Ligand code: SF4
Ligand code: SF4
Ligand code: SF4
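Laid out in structure tokens, this is it:
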């Protein structure tokens, strides 16, 4: 029998709406949802390769308990009851000695996040972290410091923009299908795209203007842009007068940062900087200084992220068509309430309220506790400061490869008494686990509903398309089973996914049948824009855009510290990392099709620097930092700044059970040092200094 | 390409390879064989500006098909109704004569079935009124499928109207 099912992809965190055709319980094809125009019926390569994951015999095929040393790949297959009972018994003993605070739940934000937060609250641990903090902790903090919303609370109107400025936001390789199409359409209608990056990416090749910047100096460029914008009155004066607080302070601050000064720091000619400011201003407010997803990550990242948002504020582009908009939720669409959340129930008081990562507290006072400071996980485990961490619930997360300093991560993970991992395939951290509770793929499971806020808020549903191929379960089932064994099952008042959907929708008056046809329900037919004169609801204490941030100043962090010049020794390079269209972070390198397309990473190195080191294209080279070293092939090119070397994120896997990706390429985490933006909370993923040399082969 | 043709809009192509992967996924093609292939040049600097370009290469479904003529087992056939060249897998003996005969080596060796497999322009999908899988999957709409006459019509209309629009705006007629 042939079925057409509308659901959500999850080969990456974008979660595109897709149409899956199923025949006799086999997936025939996966395409973009025809009901979401910006999908254009398309799919990215990862989505297309989803069936290769589904059918992969190297997937985790059932619950397992470790029998050999950590990482040895020795496991015994067990039933679900045994795996869950074992987990609960081990935890019980550990909690007796160290308390439930010793358990950290870490996950890649997903549709069961409300349930995993419920679980931590129910067992009495304040420690829940998400991978989001690692990609964009500082962006989150920066956004809240200026507009009061998190980065997840704002977005960009690609379709109507007239000029978008991207700082390494490699939109055509780090794909979100809808955004890609909206931007391509805008470009087709004559919009400009300026792309700034030390490296020529595919996005650079599609841009109307590419500026090769010296690695790590984007902030200097932005201060110079502000300098010109203010000096030449290129800003939106009405908007600034109405909404912006701290403009005078900003004007004084950026005075010394002239384009000529920035030219020296960034390598971008002063004339180009001035032109960019003028061109952007000419089409304001339909201009986007894109604040990035991944961006250039350095210890001063929070200030760089702030500078991009400030540029939008000066252009008056926040809550402007073709600019940045504040996402609207069910209440803005006229509903009195949103989803009912399990984590809003009343829980017993926690004995320990201090988080292990100090987030929202003494160490990281202004970082968002909804995501935590994931990057200090290993450090916290090793230092036992503020208290010992003994248990890790690791749900589709991979701190071993996602956090900088692989060796430190490995040491910390090995120190834990219990790692409980839920995953699809053998990732790095999962391979070190004590118990594996395998999750079904997105094609085999239904999930809690997803509220998608935006100009037109909507609710989307993921529904299972085919029965599980192996002995795997959906996350919501696993969490409830664990909870029952911890004696806190009552906080999970459901037995089926239908019960969960009903619970979520209880206050909205929407029925689950409404999802049948398209897989989603729109909460608003019209795009919701607020009146730019009077009705923009900024969530800062003043209700305005706070350039001088009360959040930051209130915790003694200056809003405008002087720019610090970036220095590097002549014989060293700065290691930059990034993504390609064919892989999702560290998770897909073993997928048969994606592995075939991109089996390993190479080291991009500037041709002149390579020549002086005697390195030729395709030579094997060794890259070394204070954190570690590795060997990979060199890609010698004129498409990268002489001061930088670049490698793709996510390779160099050491998991024996994932044979295709085993030991292919180098893990960026192996080379990256443990350096953080201590205000914003992100790891400084692009700050590590490395040396590179040719490996002499014998023959 | 029989009665049809697939064109690549290089401006829209982002070299993501979804077309290739989707083709393999829906036809259950193992690693090692690729039916429709996207060939990408660049990014590279051309006069100081980063540029790239790409072209999608499925089977051309030639009118004088070398592969078909080379097959001694009549495993390669042409559909009467639209001229598509396809292979009847059950008749293939795996001699690879077609691969050698095709000037572009387009027929592919399937290491799992130990037979040749080739692009059939997704005949089944065409019969259902759909586009070939590669074309439908492309996330940016860079690939276009259709009858050559209609594609030409569309491209000329677009170009011509754009030109006229500009002329009109400039006061020329
Ligand atoms: S971008 Fe690709 S992998 Fe990510 S959700 Fe969309 S189709 Fe799936
Ligand atoms: S396989 Fe080669 S020879 Fe045969 S139809 Fe295709 S392009 Fe022509
Ligand atoms: S799917 Fe489309 S954009 Fe991607 S490589 Fe193929 S033709 Fe290009």
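Residue numbers (our numbering), protein chains in the order written: chain U, 89 to 787; chain W, 20 to 192. Virtual Cβ for every residue (Gly too), placed ideally from N, Cα, C. Keep in mind it's a predicted model, so treat the numbers as computed, not measured.
message: Is there a Cβ of chain W sitting closer than 8 Å to that of residue 640 of chain U, yes or no?
response: Here residue 640 of chain U is taken as the residue at index 552 of the first chain, counted from 1. Closer than 8 Å: no.
- request: Can you grab the Cα-Cα spacing for the pair residue 695 of chain U / residue 489 of chain U, in whole Å?
  value: Translated into the one-based positions of the first chain, residue 695 of chain U becomes position 607. Translated into the one-based positions of the first chain, residue 489 of chain U becomes position 401. Straight-line Cα distance between these residues: approximately 29 Å.
task: Would you tell me roughly how many angstroms separate the C-alpha atoms of residue 122 of chain W and residue 140 of chain U, rounded to the nearest one?
output: Mapped onto the second chain, residue 122 of chain W falls at position 103. Mapped onto the first chain, residue 140 of chain U falls at position 52. Looking at the two C-alpha atoms, the distance is approximately 31 Å.
- prompt: Three or more beta-carbon pairs under 8 Å between the segment 120-129 of chain U and the segment 267-275 of chain U, yes or no?
  reply: yes
task: In the DSSP assignment, find the unbroken beta strand (DSSP E) run with residue 284 of chain U in it and report its ends.
output: Within the first chain, numbered from 1, the residue matching residue 284 of chain U stands at position 196. Residue 284 of chain U -> beta strand (DSSP E) spans 280-284.
message: In this structure, how does DSSP classify residue 153 of chain U when only helix, strand and coil are distinguished?
response: By 1-based counting over the first chain, the position of residue 153 of chain U is 65. Correct three-state label for residue 153 of chain U: strand.
field: Contacts around residue 426 of chain U, its chain only, beta-carbon distance under 8 Å, and the 5 residues preceding and following it disregarded
entry: Here residue 426 of chain U corresponds to residue number 338 of the first chain, with the count starting at 1. So the list reads 417, 418, 419, 539, 595 and 596, once near-sequence residues are dropped.
query: Nearest CA to the CA of residue 133 of chain U: which residue from U/480, U/681, U/537 and U/475?
result: Walking along the first chain from the start, residue 133 of chain U turns up at place 45. For residue 133 of chain U, the nearest C-alpha among the options comes from U/681.
task: With 8 Å as the threshold, decide whether the Cβ of residue 132 of chain U is near any Cβ in chain W.
output: Here residue 132 of chain U refers to the residue found at position 44 of the first chain. Yes, because at least one Cβ of chain W sits closer than 8 Å to the Cβ of residue 132 of chain U.
- request: Could you tell me if residue 631 of chain U is buried or exposed, where buried requires 16 or more neighbouring beta carbons within 10 angstroms of its beta carbon?
  value: Your numbering for residue 631 of chain U matches position 543 in the first chain. The residue in question, residue 631 of chain U, is exposed, as its Cβ has fewer than 16 Cβ neighbours within 10 Å.
query: Taking 8 Å as the CB-CB limit, is residue 356 of chain U close to chain W?
result: For the purposes of this step, residue 356 of chain U is identified with residue 268 of the first chain, where counting begins at 1. Cβ-Cβ to chain W under 8 Å: no for residue 356 of chain U.
- prompt: Nearest-angstrom Cα distance between residue 349 of chain U and residue 757 of chain U?
  reply: Counting from one through the first chain, the residue named residue 349 of chain U turns up at place 261. Counting from one through the first chain, the residue named residue 757 of chain U turns up at place 669. C-alpha separation (whole angstroms): 34 Å.
- prompt: From the beta carbon of residue 726 of chain U, is the nearest beta carbon of chain W less than 8 Å away?
  reply: Residue 726 of chain U sits at position 638 when you count from the first residue of the first chain. It does; some Cβ of chain W falls within 8 Å.
- request: Measure the beta-carbon distance from residue 72 of chain W to residue 61 of chain W and round it to whole angstroms, keeping in mind my assumption that it falls under 8 Å.
  value: Taking the first residue of the second chain as 1, we reach residue 72 of chain W at position 53. Taking the first residue of the second chain as 1, we reach residue 61 of chain W at position 42. Indeed they touch by this definition, with Cβ atoms about 6 Å apart.
task: Can you have a look at residue 783 of chain U and say buried or exposed, based on whether 16 or more other CB atoms are within 10 angstroms of its CB?
output: Here residue 783 of chain U corresponds to residue number 695 of the first chain, with the count starting at 1. It counts as exposed.
task: Taking 8 Å as the cut-off, decide whether the C-beta atoms of residue 407 of chain U and residue 617 of chain U are in contact.
output: For the purposes of this step, residue 407 of chain U is taken as residue 319 along the first chain, with counting starting at 1. For the purposes of this step, residue 617 of chain U is taken as residue 529 along the first chain, with counting starting at 1. Contact: yes.
- request: Please check if any C-beta of chain W sits within less than 8 Å of the C-beta of residue 145 of chain U.
  value: If you number the first chain from 1, residue 145 of chain U lands on position 57. By this cut-off, residue 145 of chain U is not an interface position.
task: Report yes or no: is there a C-beta of chain U within less than 8 Å of the C-beta of residue 142 of chain W?
output: Along the second chain, read from residue 1 onward, the residue named residue 142 of chain W stands at position 123. Not an interface residue.
query: Which term fits residue 366 of chain U, buried or exposed, when burial requires 16 or more other beta carbons within 10 angstroms of its beta carbon?
result: By 1-based counting over the first chain, the position of residue 366 of chain U is 278. Burial call: exposed.
query: Among residues of its own chain, excluding the 5 on either side of residue 746 of chain U, which ones have a beta-carbon nearer than 7 Å to its beta-carbon?
result: Against the first chain, residue 746 of chain U aligns to sequence position 658. Counting only Cβ-Cβ distances below 7 Å, and skipping sequence neighbours, we find 146, 513, 514 and 678.
message: Tell me whether the segment 192-203 of chain U and the segment 531-538 of chain U touch, counting them as touching only if at least three CB pairs, one residue from each stretch, are closer than 8 Å.
response: yes
task: Could you pull the start and end residues of the alpha helix (DSSP H) that residue 503 of chain U belongs to?
output: Against the first chain, residue 503 of chain U aligns to sequence position 415. Segment 494-503, the alpha helix (DSSP H) holding residue 503 of chain U.
task: Return yes when the C-beta of residue 75 of chain W is under 7 Å from any heavy atom of ligand 2, and no when it is not.
output: Working through the second chain from its first residue, we reach residue 75 of chain W at position 56. Not under cutoff, so the answer is no.
- prompt: From residue 57 of chain U to residue 687 of chain U, what does the alpha carbon distance come to, in whole angstroms?
  reply: With chain U covering only 89 through 787, there is no way to say anything about residue 57 of chain U.
query: Does residue 206 of chain W get closer than 8 Å to chain U when you measure Cβ to Cβ?
result: Only positions 20 to 192 of chain W appear in the structure, and residue 206 of chain W is not among them; the question remains open.
query: Which residue or residues does DSSP assign as beta-bridge partners of residue 60 of chain U?
result: Any answer about residue 60 of chain U is impossible in this case: the structure gives chain U only from 89 up to 787.
- prompt: Quick one: is the Cβ of residue 126 of chain W within less than 7 Å of any heavy atom of ligand 2?
  reply: To locate residue 126 of chain W, count along the second chain from 1; it is residue 107. For ligand 2, at least one heavy atom lies less than 7 Å from the Cβ of residue 126 of chain W.
- request: Could you name the residues of the segment 21-37 of chain W whose beta carbon sits closer than 9 Å to any beta carbon of chain U, in the order they occur along the chain?
  value: 30, 31, 33, 34, 35, 36 and 37
- prompt: What residues in the segment 668-679 of chain U bring their beta carbon closer than 7 Å to a beta carbon of chain W?
  reply: 669 and 670
- prompt: Counting only runs that start and end within the segment 115-180 of chain W, where is the beta strand (DSSP E) found for 3 or more residues in a row?
  reply: 127-129, 134-136 and 162-165
message: Check whether chain W comes within 8 Å of residue 288 of chain U, counting only Cβ atoms and requiring the distance to be less than that.
response: Sequence index remark: in the first chain, residue 288 of chain U carries index 200 (1-based). Closer than 8 Å: yes.
Reduced DSSP secondary structure (H/G/I, E/B, other) of residue 679 of chain U: Taking the first residue of the first chain as 1, we reach residue 679 of chain U at position 591. Coil at residue 679 of chain U, not helix or strand.
field: residue 543 of chain U versus residue 527 of chain U - alpha carbon distance
entry: Reading the first chain from its first residue, position 455 is the one you call residue 543 of chain U. Reading the first chain from its first residue, position 439 is the one you call residue 527 of chain U. The alpha-carbon atoms of residue 543 of chain U and residue 527 of chain U are separated by roughly 33 Å.
- prompt: Exposed or buried, what is residue 89 of chain U when buried is set at 16 or more other beta-carbons lying within 10 Å of its beta-carbon?
  reply: Mapped onto the first chain, residue 89 of chain U falls at position 1. Classification for residue 89 of chain U: exposed.
- request: Measure how close the beta-carbons of residue 352 of chain U and residue 765 of chain U come, nearest whole angstrom, since I'm counting them as under 8 Å.
  value: As a working note, residue 352 of chain U is residue 264 in the first chain. As a working note, residue 765 of chain U is residue 677 in the first chain. Not really, about 24 Å apart at Cβ, beyond 8 Å.
query: Applying a beta-carbon distance threshold of less than 7 Å, which residues of chain U neighbour residue 157 of chain W?
result: To locate residue 157 of chain W, count along the second chain from 1; it is residue 138. Here the neighbours are 130.
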